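I have placed the structure first, in the form of structure tokens, so that the comments after it can refer back to it.
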Amino acid sequence: MAEIAGQTDRGVATAVVHESYSFACMRCGHGWEQSYEIEHHLDGDGNEFVMYVAAGCVVPSPLSRPTCLNCDSHVVRIMRPGQVSFAQSRLQGERHGRHRWHLSDLLHPFHHRKAG
Numbered sequence: 007m008a009e010i011a012g013q014t015d016r017g018v019a020t021a022v023v024h025e026s027y028s029f030a031c032m033r034c035g036h037g038w039e040q041s042y043e044i045e046h047h048l049d050g051d052g053n054e055f056v057m058y059v060a061a062g063c064v065v066p067s068p069l070s071r072p073t074c075l076n077c078d079s080h081v082v083r084i085m086r087p088g089q090v091s092f093a094q095s096r097l098q099g100e101r102h103g104r105h106r107w108h109l110s111d112l113l114h115p116f117h118h119r120k121a122g
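This note's numbering puts the sequence shown at residues 7 to 122.
As structure tokens, this is what we get:
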């Protein structure tokens, strides 16, 4: 797998796959999401290799040793796409006073009070 960082002449890819991931740093708590184009290429000997491209630049594979964008730690959890944005939207809702539903809220209408 070729992992050459930076802007290079990438040549023509034989196939391109789009992948997105969510990342969370276990050290500082920073979370972010990133989309990648995974370009499949053939070298001079006909061997296949891939290049990860983010925002037009060739970057190392995010699956090998991700680095936190905030603290440079390598203790980073990789998750399916949308996890960070979902968590951030939930936090925004709490800050704006939206009600968070709990199971007890659903059971409240069925609560029986003793007459007395």
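Think of the CB as a built atom: it goes at the ideal place given N, C-alpha and C, for glycine as much as any other residue. The structure displayed is predicted, hence computed values, not measured ones.
Assign residue i to one of two classes, buried (16 or more other C-beta atoms within 10 Å of its C-beta) or exposed (fewer than that).
i: valine 59; result: buried
i: alanine 11; result: Because the pLDDT at alanine 11 is just 49, under 50, the model does not fix this residue reliably, and the value given afterwards should be weighed accordingly. That one is exposed.
i: serine 28; result: buried
What is the residue span of the beta strand (DSSP E) that residue i lies within?
i: cysteine 31; result: 21-31
i: histidine 36; result: From DSSP, histidine 36 is part of no beta strand (DSSP E); its letter is neither H nor E.
Looking at the strands, I want to know which residues DSSP matches up with residue i.
i: alanine 60; result: Cys63
i: valine 18; result: Bridge partners of valine 18: none, in fact.
i: arginine 83; result: Ala30
i: glycine 48; result: Before going further, note that residue 48 is leucine rather than glycine in the sequence given. Leucine 48 is bridged to Glu54.
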